[in-house]
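**Q** Residues in the sequence shown are numbered from 9 upward in steps of one, following the working numbering.
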Amino acid sequence: MPSAEGGARELLVIDMGLIAYDQAHVFQRAAARLRVRGDIAQDLLILCEHPRVITTGRSTKSGNLKAGPALLAEHGIELRDVERGGDVTVHEPGQMVGYPVIDLKRHKQDLHWYLRQIEESLIVALDSIGLDAGRSAGQTGVWIDGRKLASIGVHARDWVTSHGFALNAFNSLDTFR
């Protein structure tokens, strides 16, 4: 990610593998608190995948979730309401989830700029493996042929970010049905 001065800064990458959503959420919140206090000097990227869980963000409206909590539980799908922006996001094994914990004071204090940086990073990564991904006008995320490939929803406190992106990579998409 570029800094305010234009140069790139390194991220410490932590790969947590397959981990329950609640465990990863506790970890990223703790990391963000430590980053706010200055106890962690470097920006982080927490990578993981989750068992089937649906998260709802601050933009979720009733009716956006197509199944109720009882039906989801019956199918072994957890439901979590979280503090990030965005709408409903489905997570399942095989999906790459990234939680950047970044001090935007060292980059640029602009959440819209930050969202575009996440999109651009994903687009460049996908291009490197031959996938022609891009943006969809007026929408946040990464798209291929009119289909959403990556969802993005973030939270920031004292300009330190948490939450991030969910990239449909090797997941079955069964939870979406």
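All residues carry an ideal CB built from backbone N, CA and C; glycine is no exception.
Bear in mind the structure is a predicted one, so any value in this text is a computation, not a measurement.
To the nearest angstrom, how far is the alpha carbon of A225 from that of G154?
**A** Given that the chain is displayed from residue 9 to residue 185, the structure contains no residue 225 and the question cannot be resolved.
**Q** Excluding sequence positions up to five away, which residues of its chain have a Cβ less than 7 Å from the Cβ of A174?
**A** Within the same chain, A174 has close Cβ partners T97, H99, Q103, V105, A158 and S159.
**Q** Ordered along the chain, which non-local residues of its own chain (more than five positions away) have a Cβ less than 6 Å from that of K113?
**A** The residues are W167.
**Q** Report yes if the C-beta distance between L42 and I62 is below 8 Å; otherwise report no.
**A** In this structure, I62 does not lie closer than 8 Å to L42 by Cβ.
**Q** CB-CB under 7 Å to D95, same chain, minus the five flanking residues each way: which ones, in chain order?
**A** Once the five neighbours on either side are set aside, the close Cβ partners of D95 are G65, S67, T68 and N72.
**Q** Quick one: measure Cβ to Cβ for P101 and L53, integer angstroms, because I've assumed they're closer than 8 Å.
**A** Actually they do not touch by this definition, with Cβ atoms about 20 Å apart.
**Q** Could you tell me the alpha carbon to alpha carbon distance between N179 and R60, rounded to whole angstroms?
**A** So the alpha carbons of these two residues sit roughly 10 Å apart.
**Q** Out of Y107, D140, N176 and I137, which has the shortest C-alpha to C-alpha gap to V21?
**A** Among Y107, D140, N176 and I137, the Cα nearest to that of V21 is on Y107.
**Q** Mapping the DSSP letters down to three states, classify W121 as helix, strand or coil.
**A** Here W121 sits in helix by DSSP.
**Q** Kindly indicate which three-state DSSP category H171 falls into: helix, strand or coil?
**A** In the structure shown, H171 sits in a strand (DSSP, three-state: E or B).
**Q** Three-state secondary structure (DSSP) at Q103?
**A** It is a strand residue.
**Q** Is the CB-CB distance between A164 and L119 below 8 Å?
**A** Yes, they are a contact pair.
**Q** Using the three-state DSSP reduction, which class does P108 fall into: helix, strand or coil?
**A** Residue state, collapsed to three classes: strand.
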